[in-house]
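S.K.: Structure below; questions to follow.
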Amino acid sequence: MKETDPIEESRRYVKNARKTLRENANLDVEQNRYRDEKYVKAAGNYLWGGVLIALDAVFHVKKDQHDRVDINDYRHAVGKRDKKLLGAVNDGYDVIHLYMTYDGGLSKKLCDSGFRIANEIIDKCAIMLGETPAPAA
Numbered sequence: 005m006k007e008t009d010p011i012e013e014s015r016r017y018v019k020n021a022r023k024t025l026r027e028n029a030n031l032d033v034e035q036n037r038y039r040d041e042k043y044v045k046a047a048g049n050y051l052w053g054g055v056l057i058a059l060d061a062v063f064h065v066k067k068d069q070h071d072r073v074d075i076n077d078y079r080h081a082v083g084k085r086d087k088k089l090l091g092a093v094n095d096g097y098d099v100i101h102l103y104m105t106y107d108g109g110l111s112k113k114l115c116d117s118g119f120r121i122a123n124e125i126i127d128k129c130a131i132m133l134g135e136t137p138a139p140a141a
C-alpha cells in the first residue's frame, strides 16, 4: 500500500468538503445559507478529518488506530508548542466540528470561516513538517 503525505491527504479532505457543499448543499444565494444540513454535516466531517490528519502528522497524538483521542489531548500537545495554532485549533473545533459537523449549521459565512481555519491549521502543520504551505486561493 502506498503511503501518502499527510498534508497532501489533509488538503484532499478539504477539496472533498468544498465539492460536497458546492454540489449538494443547495446554496440559497439571496440568504447566503445552505438549504441541506446533511451535506453541511458531511462537509464538516471531511474538513475536521483533514485537520486531524495534519495535527496527527506533527503532534503524534493518536498512538494507534484503536486509540480514541479527545480534543483536550490535541489542545495539550499543540499548546505546549504553538499558542497561535492552539487558538486556531480551538476555533476549528467550535466552527468545523461543532457548528458544521454536529449542528449542520447552514450559514455560508460561518462555513467559509471553517474552511479558512482548516487551511490555516493545515498550512501551519505543513510548515512545521518542513513543507510549503498551499498558495492562497
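If you read the sequence shown in the numbering used here, its first letter stands for residue 5, the second for the next number, and so on. Where is the CB? At the ideal position from N, CA and C, for every residue including glycine. Model, not experiment: these values are computed from the prediction.
Shorter than 8 Å from the beta carbon of M132 to some beta carbon of chain B?
M.R.: Absent from the structure is chain B; it holds one protein chain and no more.
S.K.: Roughly how many angstroms lie between the CA atoms of R4 and I131, to the nearest whole one?
M.R.: In this structure the chain extends from 5 to 141, so residue 4 is not present and cannot be described.
S.K.: Are the CB atoms of I11 and A61 within a distance shorter than 8 Å?
M.R.: Locating residue 61 in the sequence shown gives position 57, where the first residue counts as 1. Locating residue 11 in the sequence shown gives position 7, where the first residue counts as 1. Yes, they are a contact pair.
S.K.: How many Å lie between L56 and K84 at the Cα?
M.R.: Indexing the sequence shown from 1 puts residue 56 at position 52. Indexing the sequence shown from 1 puts residue 84 at position 80. Pairing L56 with K84, the inter-Cα distance amounts to about 17 Å.
S.K.: Using the Cβ count rule (16 or more neighbours within 10 Å means buried), how would you classify M5?
M.R.: Taking the first residue of the sequence shown as 1, we reach residue 5 at position 1. Note that M5 scores a pLDDT of 38, beneath 50, so its modelled location is shaky; the value from the coordinates is reported in the next line. Exposed: under 16 other Cβ atoms inside 10 Å.
S.K.: Should V33 be labelled buried (16 or more other beta-carbon atoms within 10 Å of its own) or exposed?
M.R.: Mapped onto the sequence shown, residue 33 falls at position 29. Flag for V33 reads exposed.
S.K.: Name the one or two DSSP bridge partners that R37 has.
M.R.: Locating residue 37 in the sequence shown gives position 33, where the first residue counts as 1. Answer is D32, S111, bridged to R37.
S.K.: Closest to R37 by C-alpha separation, out of K112, E13, R72, would be which residue?
M.R.: Stepping through the sequence shown from its first residue, residue 37 is reached at position 33. Considering only alpha carbons, the answer is K112.
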